[in-house]
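Q:
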Amino acid sequence: MIVNNNSSSSSIIDKNAGTIAGMVKGDTIIANYTFQSEGKTSVREVAFLKKGNQLAEGFGDVQEINGESKFKDLSKLKFDGSMTFEKIDCK
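Each residue of the sequence shown is one higher than the last, beginning at 55 in this note's numbering.
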């Protein structure tokens, strides 16, 4: 299980839960995140880069293909560490 380690003090909390399924290639995960938000099922492509004991989320230009949000070019993703996740024990 992974958890977001973002300590932002935003006054708006956006909560959604879903599933992630994808492929691991070396130190990179490319996956589809399927989730429910505001009564609608959405699919968003996500990417993570393993850095030590953390996963850094990748960001880049996206486009909508068949109702799903996909990266335009995986080779141009930026893993700047602005959104990181840490491994925790499953409950």
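Glycine is no exception: its CB is placed at the ideal position from the N, C-alpha and C atoms.
Would you say A85 and G76 are within 8 Å of each other, going by their C-beta atoms?
A: Yes; because the gap between Cβ atoms is below 8 Å, this pair is in contact.
Q: For E92, verify whether its CB is less than 7 Å away from any heavy atom of the ligand SAH.
A: Ligands are entirely absent from the displayed structure, and the ligand SAH is therefore not among its contents.
Q: Ends of the beta strand (DSSP E) at F139?
A: T138 to K141
Q: CB-CB under 6 Å to D115, same chain, minus the five flanking residues each way: which ones, in chain order?
A: K126
Q: Kindly give me the distance between the Cβ atoms of A101 and L131, rounded to whole angstroms, as I take these residues to be in contact under 8 Å.
A: With 8 Å as the limit, A101 and L131 qualify as a contact, their Cβ atoms being about 5 Å apart.
Q: If you count every other CB in all the chains shown that lies within 10 Å of the CB of G112, and 16 or more means buried, which is it?
A: G112 is buried by the Cβ-count criterion.
Q: State the beta-bridge partners of N86 as determined by DSSP.
A: A75 and E99
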